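I have placed the structure first, in the form of structure tokens, so that the comments after it can refer back to it.
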Amino acid sequence: MPNTTSAKKRLRQDSVRRLRNRASKSAMRTQIRKVREAVQAGDLVKAEQEYQVAAKKLDRAGASRVIHPNKAARLKSRMQHAIKKAKQAKTVA
0 MPNTTSAKKR LRQDSVRRLR NRASKSAMRT QIRKVREAVQ AGDLVKAEQE
50 YQVAAKKLDR AGASRVIHPN KAARLKSRMQ HAIKKAKQAK TVA
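Residue numbering for the sequence shown follows numbering that gives the first Met the number 0, starting at 0 and increasing by one per position.
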């Protein structure tokens, strides 16, 4: 338990930030899952729409340091690659 006034304030701030970061991370993961599911289902139009939302959430999480900015870029790149690969497979088949 914190004893000093500044430690008590720090505890309050940390709990608020933790909840905010948790919500942001959860929303980000859900959006990534939606993109992957749309790609696997072969619904490329939906996958691209979901990707736009996911990219925005990833950029925001990276900017606010909820996740590392390079991780956000890596995840976006992997999703783009999956969508591109699915498009190529659809045109070939």
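Note that the Cβ used here is the ideal one computed from N, Cα and C, for glycine as well.
Nothing here was measured: the structure is a model prediction, and the numbers come from that model.
For residue 66, collect the residues of the same chain with a Cβ closer than 6 Å to its Cβ; drop the 5 residues on either side in sequence, then sort them by chain order.
60.
Residue 71 classed as buried or exposed, judged by whether at least 16 other C-beta atoms fall within 10 angstroms:
buried
Three-pair Cβ contact test at 8 Å for the stretch 7-16 versus the stretch 33-53
no
Of the choices 21, 17, 20, 54, whose alpha-carbon is the least far from that of residue 33?
54
Around the C-beta of residue 7, are 16 or more other C-beta atoms found within 10 angstroms, so that it is buried, or is it exposed?
Exposed.
What are the start and end residues of the alpha helix (DSSP H) that includes residue 69?
68-91
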